[in-house]
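Going left to right, the sequence shown walks through residues 91 to 414 as my numbering numbers them.
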Amino acid sequence: YFNIPFCHNFFEWKPDWKTGILPIKSIWKPEVYFPNAKEADFQFVTVPNVLVRINPDGVILYMLRLRVTFSCMMDLSKFPLDRQTCTMEVASFSKTVEELILAWKEDNPVTTGNLGMSQFELVAIVTDRCQESFQIGNYSCLVAEFHLSRSLGFHLVQSYLPTILMVVISWVSFWMDVNSVPGRVTLGVTTLLTVSSKATNIQENLPQASYVKAIDVWMGTCTAFVFLALLEFTVVNYLWRKECCRNFRRARAYSPDAITKDLLDGQDNDKPPSPCNTLVKECSTKENKIHGWENKFCVTDSLLNADSDANTLFVCGCDEVLNS
């Protein structure tokens with residue numbers, strides 16, 4: 091409802107006077123408009139929603155029922171932890187400040203009633219007066235600032251919690267055997283694709299912006315954690331295989347008969363397997379079958395413990411991101 095009370099001495103009357111009918115079009119009314127309005131509709135259901143009431147002291151109440159959509163420039167750099175300020179402007183259209191001065195009502199100039207919004211919470215409403223200057227004169231105007239705070243519940247359930255779970259699931263590979271290549275690769279790639287798909291879905295529901303938003307930093311950090319977990323396994327597995335092959339060659343040179351006989355035990359003599367491939371497969375399972383040689387060329391103290399160190403590093407890094 092848009093209420094415009096104004097005073098005119100011509101319309102002063104006494105309560106004991108007989109009332110008559112005065113057409114609304116015959117009464118002068120302030121010509122105002124909304125400078126920052128995108129769309130505006132006047133309500134005609136079931137009749138034109140307009141009210142004119144003339145008090146005995148000459149004060150005229152002119153009330154309209156409108157539906158107006160205002161433009162609001164938002165800064166999404168802190169989305170979804172952002173706060174926005176949207177304005178509603180009312181200005182004189184044809185009368186300069188010498189003819190018409192607009193002013194807010196002293197008590198509760200803007201009432202919201204039971205206003206409810208799905209994405210924002212109304213924090214405060216601040217009203218002020220302003221003046222627009224043009225070449226033909228200065229015009230009085232009013233401005234109301236609506237301070238909004240974005241509700242975090244939806245984004246907490248749809249964005250933050252799923253990505254946190256995906257990152258934690260990617261850390262499960264740190265406790266898996268270094269030889270479990272299919273399982274660890276599948277886990278890492280699946281979580282990486284899931285986080286990337288979630289980031290794409292979030293971007294599709296946001297307005298296009300040329301700057302980086304807070305949600306972009308969060309999704310990028312989650313993607314980096316999942317990717318680094320997969321990269322850590324790749325590096326550890328590669329170094330482990332390389333070190334095993336190097337130590338196997340040294341052990342075979344020291345005692346070729348014992349090592350070759352034990353590693354090739356049970357294999358097809360016509361097609362003997364590669365010593366390095368055999369060692370990588372046998373190193374973690376054939377304990378106490380190589381007459382003590384496995385402790386010399388299976389590097390379990392340095393490389394296999396890298397998973398545990400990576401787990402601690404990733405958790406500490408995640409704490410730093412959450413605290414920031």
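Where is the CB? At the ideal position from N, CA and C, for every residue including glycine. These numbers were taken from a predicted model, which means no experiment stands behind them.
Buried versus exposed, by CB contacts within 10 Å (16 or more), residue i
i           : result
residue 240 : buried
residue 115 : exposed
residue 292 : buried
residue 156 : exposed
residue 206 : exposed
residue 412 : Residue confidence is low: residue 412 scores 45 on pLDDT, short of 50, so the model does not pin down where it sits. Its coordinate-derived value is still stated next. Exposed, by the Cβ-count rule.
First through last residue of the beta strand (DSSP E) which encompasses residue i
i           : result
residue 217 : 210-224
residue 128 : 127-132
residue 258 : Run containing residue 258: none in the beta strand (DSSP E); it sits in the alpha helix (DSSP H), 251-260.
residue 234 : 227-240
residue 144 : 140-144
Run of the alpha helix (DSSP H) containing residue i, from where it starts to where it stops
i           : result
residue 174 : From DSSP, residue 174 is part of no alpha helix (DSSP H) but of the beta strand (DSSP E) over 173-182.
residue 153 : No alpha helix (DSSP H) contains residue 153, which is instead part of the beta strand (DSSP E) from 149-154.
residue 289 : 271-294
residue 190 : First-last for residue 190: undefined, no H or E at that position.
Close beta carbons around residue i, own chain, < 8 Å, minus the five adjacent residues each side
i           : result
residue 288 : 249, 252, 253, 256, 309
residue 374 : For residue 374, the pLDDT reaches just 40, beneath the cut-off of 50, and the residue's location in the model is therefore unreliable, although a value from the coordinates is still provided. Hits under 8 Å: 267, 268, 269, 388.
residue 217 : 194, 199, 200, 232, 233, 234, 235
residue 191 : 230
residue 242 : 170, 171
Pick from the options that is closest to residue i, judged by C-alpha positions
i           : options            : result
residue 131 : 154, 161, 146, 183 : 154
residue 329 : 291, 277, 269      : 269
residue 225 : 260, 235, 186      : 186
residue 124 : 170, 229, 297, 196 : 229
residue 177 : 145, 299, 159      : 159
residue 180 : 149, 299, 122, 189 : 122
Spatial distance of residue i from residue j (CA atoms)
i           : j           : result
residue 333 : residue 327 : 10 Å
residue 209 : residue 290 : 20 Å
residue 416 : residue 147 : It is not possible to answer for residue 416, since the shown part of the chain is limited to 91 through 414.
residue 388 : residue 322 : Any answer about residue 388 is weak, because its pLDDT of 46 lies below 50 and its placement is not dependable; what the coordinates show is given next. Their backbone Cα atoms lie some 19 Å apart in a straight line.
residue 118 : residue 127 : 24 Å
residue 258 : residue 324 : 18 Å
residue 276 : residue 129 : 52 Å
residue 356 : residue 271 : Bear in mind that the predicted position of residue 356 carries a pLDDT of just 44, short of 50, making it unreliable; the figure below should be weighed with that in mind. Residue 356 and residue 271: Cα-Cα distance of roughly 24 Å.
residue 164 : residue 175 : 8 Å
residue 238 : residue 314 : 33 Å
residue 305 : residue 172 : 11 Å
residue 182 : residue 212 : 28 Å
residue 393 : residue 283 : With a pLDDT of only 47 at residue 393, under the threshold of 50, the placement of this residue in the model should not be trusted; the figure read from the coordinates follows. Distance between the alpha carbons of residue 393 and residue 283: 27 Å.
residue 215 : residue 150 : 26 Å
residue 152 : residue 144 : 9 Å
residue 142 : residue 184 : 21 Å
residue 197 : residue 120 : 21 Å
residue 223 : residue 136 : 39 Å
residue 247 : residue 296 : 17 Å
residue 188 : residue 138 : 32 Å
residue 299 : residue 204 : 33 Å
residue 134 : residue 307 : 48 Å
Same chain, Cβ closer than 7 Å to residue i, neighbours up to 5 away in sequence not counted
i           : result
residue 281 : 256, 259, 260, 316
residue 273 : 266
residue 319 : 260, 261, 263, 278, 404
residue 301 : 167
residue 245 : 170
residue 202 : 212
Close Cβ partners of residue i (< 6 Å) along its chain, the five nearest in sequence each way excluded
i           : result
residue 161 : 126, 128
residue 312 : 253, 257, 285
residue 220 : 231, 233
residue 140 : 154
residue 227 : 186
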